[in-house]
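Asker: Quick note on UniProt numbering: the sequence shown kicks off at 1 and runs consecutively. Here it is, the structure, as structure tokens.
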Amino acid sequence: GYWSDCSRLGSDGGQPSGFGPLPVPRLRECSVVLTRLREGSAGAERPPGVMCSNTEPFGARGSAEEAPSSGQPDVSLGGGPTVVNPTPDELHEDPGVVVPLPLGDYACALCGVSAGTLMWVANHFATRHGGVLVRYSCRLCGKVSAAWRTIACHAPHCNGGIGRRQRSGAFVCEGCGRGFISNRARSTHERHVHPDLRNRKRSRSVPAVSEGSSVSTQAEVEVEVARTLREGVDGAPKRPRLSEETDSPMLDEANSPVALRTLILPEGGLLAGLREVARKMVGGAEDGEEGYVRVLSAWLEGDGEVPALVESLASQTLQKLREVAGQQLPAPRANRNQGETVGSRWQTTGKARRLAYHACQLKYQRDQVRLAAELLDGTCASDCPLTIKEIYDEFRGVWERVTAFEGLGPFVPFGLASNGHMAGPISADEVERCLKQAANASAPGPDRIRKQDILAWDPECEEIAHMFNVWWITGVIPKCFKQGRTVLIPKTSDQGALMEIGNWRPITIGSTVLRLFSRVLTKRLVDTCPLHPRQRGFRTSPGCSENLEVLRSLFEHCKEERSPFAVVFVDFARAFDSVSHEHFLCVLREMEVDPHVVELIRGSYQNCVTRVEIGDRLTPEINMRVGVKQGDPMSPLLFNLAMDPLIHGLERLGKGLSVSDTRVTTLAFADDLVLVSDSWQGMAHNLGILEAFCKKTGLRVKPSKTKGFLLSPTRDSFTVNNCPPWVLGGSPLNMVQAAETVGYLGVRVSPWKGIVKPTLFEDLLRWCKNINGALLKPSQKVVILNKFAIPRLLYRADHCCVNSGTLQLLDRTIRERVRAWLHLPPSTCDGLLYARNRDGGLGICKLARLVPSIQARRIFRLSNSTDGVTRSLLDSELANSKFRELWLRAGGKIEHLPQLGNEGRSAERGEANDPIMPICPTPFDWRHDEFLKWAGLLTQGVGILSFHNSKASNSWLAKPKGFKERHYIAGLQLRANVYPTREFWLRGRGMVGASCRRCPQRLESCSHILGQCPATHRSRIVRHNKLCALLATEAEGLGWEVRQEWAFRTPSGELRRLDLVLIRGSLALVIDVTVRFEYAPDSLARAAAEKTGYYGPHKSTIARELHVPEVRVFGFPLGARGLWFPGNGEVLTVMGVGETRRKNFAALLSRRALLYSLDVLRDFNRPAGPGQGGHRRRARRRRR
């Protein structure tokens, strides 16, 4: 219809019939008349219902029937060039030609030539009327642009300037005033653009959710909760006890042999078994072990001096560790700036920048995690600005004030303990495994003992195991290891907010020795104490993924079934710092954990003190009488145990949401608690149970930060929070509105959309900007981006289901940044970026290929989860179809698609029989695919297949040891064959002018310069001699007699020189070194065969000249781009080089071959010959 309307337009300049001739405002003094057609006849009537401009608000000019008072033409119908509507300011500009689109029968306004196609019009004005300002306009709405493509794309979809809000005034959006032709269109607009407005309108049209007749007041809610708790105590089901044979993931013959032998406790309990262990240790003691023997003997005799003896033994051990730690400390560096005087301003500025650069480099070498946090989060490494007194008073009030604990009351933990896992002595292997699992960069406690110090003092962990057994058997923890230091970590980058102590997170760091002991006990205690399956925090399972998938499934279920959905995100006030010690000890007793273990844990928290560190300042000692020690390996488990009765009570007595024959009431991840229900009354009931638990245990909930929402179904949609707010502790909760979001486990949750799409692109741009401004080397910037920034994108892209278009946009941005930082040309192939390091690439993550693979494997892992709720929610056709789609998007084949949830399960426990979760196969090796694409390129892929899986050839990519940044960048350019030569500059443009600058007969390429150009002959000889010198030095160190450039004559009288001759005993090795450009996978193999064939026939002559019975001839080829020939390993083996040294030496030779090739390229690009440019520069400086 649009194009048929355009056909009715007249042929006089494209103007519609009924309009009079258009006046020309003025002429230019030139040979070509430049016209600007301004407007139709003044006062022309406007058709009814048409407004003056589509940019004015509805009703701005009165009724639609009024004529324009300004004399402007009717732009809504268009016509010819009348749609320009110039303003008075524009009349003084240079006039131009306006071409209306669609063209119709348009003729050139300057020369009268009839127009052909739109492309013909553009070329006509460019060639015949060059310099004329040409613009294009839409005939219907008057949109003007200098780009004809813009109007050509706009015209077919134009509605003639009649917006939907002008077509009908009955369906006007109350939020923005935009009009729509139907109520459904307006409703769709409000749902996406104004969700709060739409929710209010929906709420007005349906009755609000009241508190109901059964629970009409908050007092009645409390009465019902109290009755439910009383009934729950009487009707509590039998609690399960972990099976001692199959339930523990620690019960692996290779991992825990001691636990396997001592699963069953003796008749007298754990203490009786430990007495027997102590007797065996005392009886089997050897010389030099009198210390722990004396303590155990006193304990067996019931001596009251046992605590003093344990303290003495610990003090001796601590003194030995401190002596070792003092030997491990590096020597202090001399202050390079001492004695320097202050220079001029530019010198002072340069000095400050150098100091800042060195500080950044030191931070990169010592703690990349902290540096990345500063760059990505914007957090600074500044100390807390508050005074020592303010900090001391704050934390003293927190840790020395004992939380009132009234007992668990009707709340009971989920299961009963299996104490057999705690039996037996602590073995040295057990300690060694736990020590190796600790992070190497773990911060030391106030005694400054590190993991490396323990390994240096006791490599076999036998001495430390003896001391731990003394603690374990006697139940005494020495005081000298109970001292801690607390550091404050900022929660935000806002400097104003950091003036409040609440925005600093305290991390208490105890002694490394005591943390190691806690790790050993925690391994056993995890197998002993069962936790409710709804607690997914600090467990060997993908807890975040499981909880987010359950929450997403609940959203989808409620919207599909059109059922109410109530959610509350609970925020505890300093949960880890305020939990009572009696709280988790009471839970351990309720679980029937052996009393000896309970008392040992109690002793580890008695008389614990800490000091808060602010730079070089320390607060006085603070007694830690409440809370768990954040930083101790046992603290997460103890907190989970403290929360277990609440979770079990909510799941047993609460009113949750039923999905797939499964009821869910809580989603817990440590202290991040989410309550769900199917009604307002059910959520009020759950909050009552939570409040009763907090009153009993002393935990506090922040009503101001606890948020929730209620989705209520209507006839055709949902309303959000069409109900009164819930009350907790006498204060109303914050209700999340339809347009708001709440944070949960690193994602944002909206009442209307569920898990919302994150702002990944904006975050990536901000991170790249921060990294770009840091005083880092180019390769270091790439490391920070790939190692720290991209993983942050992966988590949210995985769980928020980001579409492929966004992932491709992120990939393009990452490629642009990496190429810019490394000074790589834009045409550099993607394979260099995405291939593995061992294949010659940088190992950058490609989100468009990696994220679908991660999502597919996550769904497979969750379908085999140990949590029955997660498995049941993923046991659907929708989950299978989603998994199939992600598998195919990741590049997998349909015939290799694994089945979801095919592992054995136990209906009684709701968990998989196999404690080890199955591993999903990778759908597609996309990095190898990128490598093959790179190798298939005609120019950049030459010889790349040779570098596949060659660790020696590619070791410099991940760790550029010995490389300066210019060498590293040039090495990347050379590897991808994009080094700036004439051949590279003229690719795709013909090879005219690509001849070598030094020898015009040949093409100037990298292979020509590195292997054939006469101008670099001397540099190539230098490269060859340096490589020979490395081999000679290695051979001399192994006891070989080395002769370089040894000459002999063949029987025909030809003189030949050997690069290296190694003689030892009756064996002589002839090694001829050569450097070749890697054209093909067999380039170096052919070079080795060539050298062997050249010297091999003359072995008898060489043996006669050297007076040895046996001569072996080897070719030793190396790649000009650093390729290592595997056959060279045989040469090193014959030389007697060990396996480890052979790998390191191969990497060394590969790096040196590449660096020396870069020297050849440098010499080629110098204006003078090699070795002369420096003399000329120094001469010029002397003349100045």
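Ideal Cβ positions, reconstructed from N, Cα and C, are used throughout, including at glycine.
Residues in its own chain within less than 6 Å of residue 164 by CB, not counting five upstream and five downstream?
Answerer: Note that residue 164 scores 41 on pLDDT, short of 50, meaning its location in the model is unreliable; the coordinates nonetheless yield the value given after this. So the qualifying residues of the chain are 179, 180, 181.
Asker: Going by the DSSP bridge assignment, what does residue 504 pair with across the sheet?
Answerer: DSSP output for residue 504 lists 490 as bridge partner(s).
Asker: Provide the residue span of the alpha helix (DSSP H) that contains residue 453, from first to last.
Answerer: Residue 453 -> alpha helix (DSSP H) spans 451 to 457.
Asker: Based on Cα-Cα distance, which residue from 535, 579, 763, 99 lies nearest to residue 670?
Answerer: Checked all of 535, 579, 763, 99; the closest Cα to residue 670 is 535.
Asker: Flag this pair as touching only if the stretch 687 to 706 and the stretch 403 to 421 have three or more C-beta atom pairs under 8 Å; answer yes or no.
Answerer: Yes: the two stretches touch, three or more of their Cβ pairs being nearer than 8 Å.
Asker: Kindly indicate which residue of 112, 143, 141 has the alpha-carbon position closest to the one of residue 128.
Answerer: Ranking the options by Cα distance to residue 128, first place goes to 112.
Asker: Please return the same chain residues whose Cβ sits closer than 6 Å to the Cβ of residue 465, not counting the five positions on each side in sequence.
Answerer: The answer, listed in chain order, is 426, 428, 431.
Asker: Please determine, among 1158, 1103, 1037, 634, the residue with the shortest C-alpha to C-alpha distance to residue 1138.
Answerer: With distances taken between Cα atoms, residue 1138 lies closest to 1037.
Asker: Can you tell me whether residue 808 is helix, strand or coil according to DSSP?
Answerer: Three-state DSSP puts residue 808 in a helix.
Asker: Give the secondary structure of residue 483 by DSSP, where H, G and I count as helix, E and B as strand, and everything else as coil.
Answerer: Residue 483 falls in the strand class under three-state DSSP.
Asker: My output table needs one value for residue 677: the three-state DSSP class, helix, strand or coil.
Answerer: DSSP places residue 677 in strand when its eight states are reduced to three.
Asker: Identify the continuous beta strand (DSSP E) that holds residue 707 and give its terminal residues.
Answerer: Looking at the DSSP string, the run of the beta strand (DSSP E) that includes residue 707 is 707 to 713.
Asker: Do residue 554 and residue 657 have their C-beta atoms closer together than 9 Å?
Answerer: Yes, the pair counts as a contact, with Cβ atoms nearer than the cut-off.
Asker: Using the C-alpha atoms, what's the distance from residue 1003 back to residue 1032?
Answerer: Each residue's alpha carbon lies about 36 Å from the other.
Asker: Who are the Cβ neighbours of residue 460 in its own chain at under 8 Å, not counting the five residues just before and after it?
Answerer: These residues qualify, in order along the chain: 428, 432.
Asker: Identify the continuous beta strand (DSSP E) that holds residue 611 and give its terminal residues.
Answerer: Its beta strand (DSSP E) spans residues 609 to 614.
Asker: Measuring straight from C-alpha to C-alpha, what distance separates residue 434 and residue 523?
Answerer: Computed Cα separation, rounded: 9 Å.
Asker: Using C-beta distances below 6 Å, list every residue in its chain close to residue 1063, excluding the 5 sequence neighbours before and after it, in chain order.
Answerer: The answer, listed in chain order, is 1041.
Asker: Give me the DSSP bridge partner(s) of residue 669.
Answerer: Looking at the DSSP assignment, residue 669 forms a beta bridge with 672.
Asker: Of all the options 557, 548, 941, which has the alpha carbon lying nearest to the alpha carbon of residue 795?
Answerer: Ranking the options by Cα distance to residue 795, first place goes to 548.
Asker: Whose C-alpha, out of 186, 856, 985, 364, is nearest the C-alpha of residue 922?
Answerer: Comparing Cα-Cα distances from residue 922 to each of 186, 856, 985, 364, the minimum goes to 856.
Asker: From residue 887 to residue 775, what does the alpha carbon distance come to, in whole angstroms?
Answerer: Their backbone Cα atoms lie some 41 Å apart in a straight line.
Asker: Can you grab the Cα-Cα spacing for the pair residue 1106 / residue 1044, in whole Å?
Answerer: Spanning the two alpha carbons is a distance of roughly 13 Å.
Asker: Based on the DSSP output, what are the partners of residue 1044 in its beta bridges?
Answerer: According to DSSP, residue 1044 bridges with 1060.
Asker: Which residue or residues does DSSP assign as beta-bridge partners of residue 98?
Answerer: Answer is 135, bridged to residue 98.
Asker: Assuming residue 1078 and residue 1010 form a contact by the criterion Cβ under 8 Å, report the distance between their Cβ atoms to the nearest whole angstrom.
Answerer: Incorrect: roughly 10 Å between the Cβ atoms, too far for contact.
Asker: Where does residue 174 land, buried or exposed, given buried means 16+ other C-beta within 10 angstroms?
Answerer: So residue 174 ends up on the exposed side.
Asker: For residue 702, which option in 383, 569, 949 has the closest C-alpha, if you only look at C-alpha atoms?
Answerer: The candidate whose alpha carbon is nearest that of residue 702 is 569.
Asker: Mind the definition here: the stretch 709 to 716 touches the stretch 605 to 614 only if three or more C-beta pairs lie below 8 Å; say whether that holds.
Answerer: Because the criterion of three Cβ pairs below 8 Å is not met, the stretch 709 to 716 and the stretch 605 to 614 do not touch.
Asker: Hey, is residue 1017 close to the ligand NAD, as in C-beta under 8 Å from one of its heavy atoms?
Answerer: No copy of the ligand NAD appears in this structure; indeed no ligand is present at all.
Asker: Return the residue from the list 520, 314, 374 that minimises the CA-CA distance to residue 438.
Answerer: Minimum Cα distance to residue 438 is reached at 520.
Asker: Around the Cβ of residue 596, are there at least 16 other Cβ atoms within 10 angstroms (buried) or fewer (exposed)?
Answerer: The residue is buried, with at least 16 neighbouring Cβ atoms inside 10 Å.
Asker: Are the beta-carbon atoms belonging to residue 709 and residue 751 less than 9 Å from one another?
Answerer: Going by C-beta atoms, residue 709 is nearer than 9 Å to residue 751.
Asker: With distance defined between alpha-carbon atoms, name the residue in 1104, 1089, 725, 1121 nearest to residue 1127.
Answerer: Minimum Cα distance to residue 1127 is reached at 1089.
Asker: Any Cβ of chain B within less than 9 Å of the Cβ of residue 352?
Answerer: Reference to chain B is not applicable here, since this structure consists of a single protein chain.
Asker: For residue 260, does the three-state DSSP call read helix, strand or coil?
Answerer: Reliability fails at residue 260, whose pLDDT of 34 lies under 50, so the model's placement of it is uncertain and the value that follows must be treated cautiously. Three-state result, residue 260: helix.
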